[in-house]
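Numbering (this note's numbering), first residue to last: 2 to 521. By construction, the Cβ of each residue, glycine as well, lies at the ideal position given by its N, Cα and C atoms. Let me begin by presenting the structure, written as structure tokens, before commenting on it.
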Amino acid sequence: MTEAGRSSTAARAAAVIMIATLSSKILGFFRELLIGSKFGATSATDAYLVSLTVPAVLFATVAGALSTTFIPVYSEIETKKGRERAVAFAGNLFNVILIVSLIFSLFGAIFSRLLVKLVAMGFSGETLEMAAAFTRITMFMSAFVALANVLTGYLQSNREFTVPAIVGIPYNVIIITALLSSATLGIWGLVVATVLAAAVQALIQLPAATKAGLKFTLNINFADEDLKRMGILIIPVVLGTGVSQVNVLVDRMLASTLEEGTIAALNFASRLNSFVYGLFTLSVATVVYPSLSRLSAEGDMEGFKRALGRALGFVIAIVMPLSAGAMVLRIPIVRFLFERGAFDSRATFMTATALLYYSVGMVGFGLRDVLSRAFYSIRDTSTPMVNGAAAMGINIVLNLILVRIMGLGGLALSTSISALAGTVLLFSSLRKKIGPLGGFRILTGLIKSAAACAVMGFAVHYIYGLMSKVFVPRTLAYQALDLGVSVLAGVVVYLAIVLILKMDDVIWAVRAFIPARLKK
């Protein structure tokens, strides 16, 4: 297949993942809306979110690193030792992770109160006890999340992207069902449903993995040579990806000392921010990662650089206008999505403030995800760890300074600045390692996109101001109308500038997503 053909195929694969991811994320949004409506920015919501933080910090970071390190190791085993050996390795890894994760889960459940006290140092009384009780249940999410990630890595290694992309759909449906029954089940129903939903994420991938050749046996070999090699690779990945969890931990530790609902407001804003950039970034990174691993294994570094440069340019061109739009329309967006039930105007203001400062680093978050996978594809897991640690240090220092000046806005801004700094460090390190990455082309695209976003931002601000005067946003219908017209106008303005400035990455992506038969 020609390079153009591979690019087009990869782009369409990314489009399929985008659709699946969009469906999942829309449901995830609805889930967050219901949580906000049913429980608001209150101590109960704070306790629930902290109970999710504890297993994430203890083990979910390892789980997330499993699929990342699995793909290059599995590919190498399959190439050098054959498919049968690679499948046996995957089966053994599944069994080992099951045992280890269950031990960690039991440990966390037993010491839940102590762990909560460490994570949320400002909690006391009923909030502390509630969070500890929730954590005794949510700790068992760790095992299910870990197994789901092993299955995801296996499926993606075998070019099956759709099933891993849709696992978020049943996850969200289960939690949404519990929330719709909250009058009967209450906050405890939400906690139990969250663990059940995590279990389904693993179970739903089992048939696809079996169909793709994975065999489940009772054989367990902790001394397996390939398992040890993956263990060595995963350590720096865990430390590197764990930076985000440590940042969340520090944010929530400091947020627990601020007014009630601060943790919830940061969570809602972070979810909204990650929804916006994650839809495109996750899809591009998921598809480009196996391709980068293959190009690296083949020694085709020129092809590697071209594929990476295209992915980075696409993220910049798409995520930057989303970031600008979120900044300009932050209050009406949060009001429209969340403000109902227990989620009042106070919660809207707090969440919108956090969203403003999270949006500053939106492009940094997206580029960081792609660049990290570039390092992993060349089997360098230590550089992202080192750079991630540096970014974490920046975040912690800024957190301690800005939280005193800006409150919850300072916590969000610190996260954004550290993400941007980490991205610069990653790009610089990768350039030193493999040579020029087309920095001038990427910088040109960045400048063009920034100029387009500035014009778009002014246009959106002006149009929303006009719309809100004619259709005062007191009802949900008028809020939707004002936002819809403003967003549509922003899209038109941005695309017009894309054509005027000839922003190739956006134009390439649109053409690549169009099926070949429609181009004739």
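Same chain, Cβ closer than 8 Å to residue i, five either side skipped, listed in chain order
i, result
"M457", "P322, A325, G326, G491, V494, Y495 and I498"
"A210", "L152, Y155 and L156"
"A286", "A312, D370, V371 and R374"
"A460", "A490, G491 and V494"
"A481", "F337"
"E161", "A209 and A213"
"E127", "S44"
"N274", "A327, L356, Y359, S360, M363 and F366"
Presumed contact (8 Å Cβ cut-off) between residue i and residue j, rounded CB distance
i, j, result
"V364", "V320", "5 Å"
"P56", "M140", "5 Å"
"A133", "V117", "5 Å"
"S415", "Y359", "Contact flag wrong, Cβ pair sits at about 10 Å."
"M302", "I435", "6 Å"
"M231", "A121", "Incorrect: roughly 34 Å between the Cβ atoms, too far for contact."
"F339", "F269", "6 Å"
"N93", "L228", "6 Å"
"G41", "F344", "5 Å"
"I334", "L484", "7 Å"
"S76", "A298", "7 Å"
"S417", "V361", "4 Å"
"M407", "T263", "That pair is no contact at about 12 Å."
Residue i Cβ short of 6 Å to the ligand MG heavy atom set
i, result
"N220", "Of the ligands one can find in the structure shown there are none, so the ligand MG has no counterpart to examine."
Where residue i falls, given that 16 or more other Cβ within 10 Å makes a residue buried
i, result
"P437", "exposed"
"K212", "exposed"
"K306", "buried"
"K433", "exposed"
"K26", "buried"
"N220", "exposed"
"M2", "Here M2 scores only 47 on pLDDT, less than 50, and its place in the model should not be relied on; the value that follows carries that caveat. So M2 counts as exposed."
"V471", "exposed"
"F514", "Below a pLDDT of 50, predicted positions are generally treated as unreliable, and F514, at 48, falls in that range; no measurement from the model is reported."
"I78", "buried"
"F366", "buried"
"A478", "exposed"
"S125", "exposed"
"I448", "exposed"
C-alpha gap between residue i and residue j, whole angstroms
i, j, result
"L119", "S158", "38 Å"
"I188", "V473", "35 Å"
"A110", "N388", "33 Å"
"M129", "I36", "Looking at the sequence provided, one finds Leu at residue 129 rather than Met. Roughly 20 Å separates the two Cα atoms."
"R32", "I332", "20 Å"
"S292", "E85", "22 Å"
"I233", "V488", "47 Å"
"L115", "F108", "11 Å"
"T476", "F112", "47 Å"
"S106", "V486", "48 Å"
"T136", "D47", "12 Å"
"S346", "L148", "41 Å"
"F315", "V164", "24 Å"
"M328", "K503", "25 Å"
"F223", "A455", "55 Å"
"T54", "I501", "46 Å"
"L444", "S102", "43 Å"
"T80", "E226", "16 Å"
"S52", "V404", "23 Å"
"H462", "A353", "16 Å"
"S330", "S469", "According to the sequence as given, residue 330 is Leu; it is not Ser. One C-alpha to the other measures close to 12 Å."
Chain-order list of residues whose beta-carbon lies under 7 Å from that of residue i (same chain, five-residue window excluded)
i, result
"G123", "S257 and T258"
"R341", "S38"
"V88", "G214, L215 and K216"
"L267", "D252, A256, A355, L409, L412 and A413"
"Y290", "I72, R374 and S378"
"A179", "L186, G190, L191 and A194"
Contacting residues, own chain, Cβ-Cβ under 6 Å from residue i (five flanking each side not counted)
i, result
"A200", "F145"
"V598", "Only positions 2 to 521 of the chain appear in the structure, and residue 598 is not among them; the question remains open."
"A392", "S419, A422 and G423"
"A453", "Y495 and I498"
"R336", "T349"
"Y172", "A198 and Q202"
"R518", "The predicted position of R518 is uncertain, since its pLDDT is 38 and thus under 50; a value taken from the coordinates is nonetheless stated next. Counting only Cβ-Cβ distances below 6 Å, and skipping sequence neighbours, we find nothing."
"G6", "With a pLDDT of only 49 at G6, under 50, the local geometry of the prediction cannot be trusted, and no value is derived from it."
"G29", "N173"
"M142", "P56, V196 and A199"
"F95", "V151"
"I1", "Here the chain has residues from 2 to 521 only, and residue 1 is not among them."
"V74", "M231"
"T70", "M231, L234, I235 and V238"
CB contact below 7 Å: residue i versus chain B
i, result
"G314", "In the structure shown, chain B does not exist; there is a single protein chain."
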